[in-house]
Amino acid sequence: MVISKICCIGAGYVGGPTCSVMALKCPDIKITVVDRSVERIAQWNSDKLPIYEPGLDEVVKQCRNKNLFFSTDIETAIREAELIFISVNTPTKTYGNGRGRAADLKYVEGCARMIADMSQNSKIVVEKSTVPVRAAESIMHILKANHKPGLDGVFCLGIGFLEGFNEFIFSFYQVFGTTSCQIRNFSRKELPSKIYSSRIGF
């Protein structure tokens, strides 16, 4: 699989900075960050970004509308991309079992259903949100249960940290986990040179 287009669902504190750095380091890859919030996307497309990290505004200005795009057109971005990041909010549950202490995965799981429903070709899906142990199994189950016949999908779990921009632009390692032999072999050959200039550990 050749990675020429990446979609990131979620234009927050992780998705926006992470994709900005990827766009800077991979000028030949089109990266689209999508979000349902019209206001947030408008901020990413303006001179007043919705978040502040030192150096982030310069990177965004350098890449925006070249190979980095911010959009509310989620369906088109999902359909075009070979690689999709899920980077949405995981708030504390306010209802049911675990109320007040457990993570609410409704947005992450909703993204998985949306990817399965909208995809027209095979995808690599990377979960980049902050999720509890075993959440990856739930996401994989949703992707497998809802995928279209003839389409393959592989799932990775990306280890996220608080300082998304600085951690990503200066880090020596990016760590991912997967149960797929296909993606492990692909990642060792392609991802370090195509997407990450730093090393990747599986």
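Sequential numbering of the sequence shown, starting at 2, is according to the numbering used here.
Each residue gets a CB set at the ideal place from its N, CA and C atoms; glycine is no exception.
- For the beta strand (DSSP E) that contains Cys-9, what are its first and last residues? 6 to 10
- Item | Top-ranked residue by Cα proximity to Tyr-53, from Tyr-14, Ala-82, Asp-36 | Tyr-14
- Message: According to DSSP, is Val-176 part of a helix, a strand, or is it coil?
- Response: Low per-residue confidence applies at Val-176: pLDDT is 49, beneath 50, and the placement is therefore not dependable, though the value from the model is reported in the following sentence. Looking at Val-176 - three-state DSSP - the assignment turns out to be strand.
- Note the first and the last residue of the continuous beta strand (DSSP E) segment covering Glu-128. 124 to 128
- Message: Residues in the same chain with beta-carbon distance under 6 Å from Cys-20, minus the five sequence neighbours each way, listed in chain order, please.
- Response: Cys-9, Ile-32, Val-34
- Task: Use the C-beta contact count for Val-22: other C-beta atoms within 10 angstroms, 16 or more gives buried, fewer gives exposed.
- Result: buried
- Message: Let's see if you can read the secondary structure: which residues bound the beta strand (DSSP E) around Ile-52?
- Response: Taken as a continuous stretch (DSSP letters only), Ile-52 belongs to no beta strand (DSSP E), as it is neither H nor E.
- Query: Alpha carbon to alpha carbon, how far is Asp-58 from Gly-16?
  - Reply: 14 Å
- Message: Could you compute how far the alpha carbon of Asn-147 sits from the alpha carbon of Gly-111?
- Response: 12 Å
- Query: Going by C-alpha distance, which of Glu-40, Val-60, Leu-144, Arg-37 is nearest Arg-114?
  - Reply: It is Leu-144 whose Cα lies nearest to the Cα of Arg-114.
- Starting from Lys-31, follow its DSSP beta bridges and name the residues at the other end. Lys-6
- Message: Please give the ranges of any beta strand (DSSP E) in the segment 34 to 100, keeping only runs that are unbroken, at least 3 residues long and fully inside the region.
- Response: 69 to 72, 84 to 87
- Message: What residue range does the alpha helix (DSSP H) around Lys-145 cover?
- Response: 136 to 147
- Message: Helix, strand or coil, according to DSSP, for Ala-104 in the structure here?
- Response: strand
- Task: Specify the secondary structure class of Gly-13 as computed by DSSP and reduced to three states.
- Result: Residue state, collapsed to three classes: coil.
- Same chain, Cβ closer than 6 Å to Cys-64, neighbours up to 5 away in sequence not counted: Ala-24, Leu-25
- Message: Let me check understanding here. Comparing Cα to Cα, which of Lys-124, Val-39, Val-109, Val-89 lies closest to Ile-140?
- Response: Put simply, of Lys-124, Val-39, Val-109, Val-89 the residue whose alpha carbon is nearest the alpha carbon of Ile-140 is Val-109.
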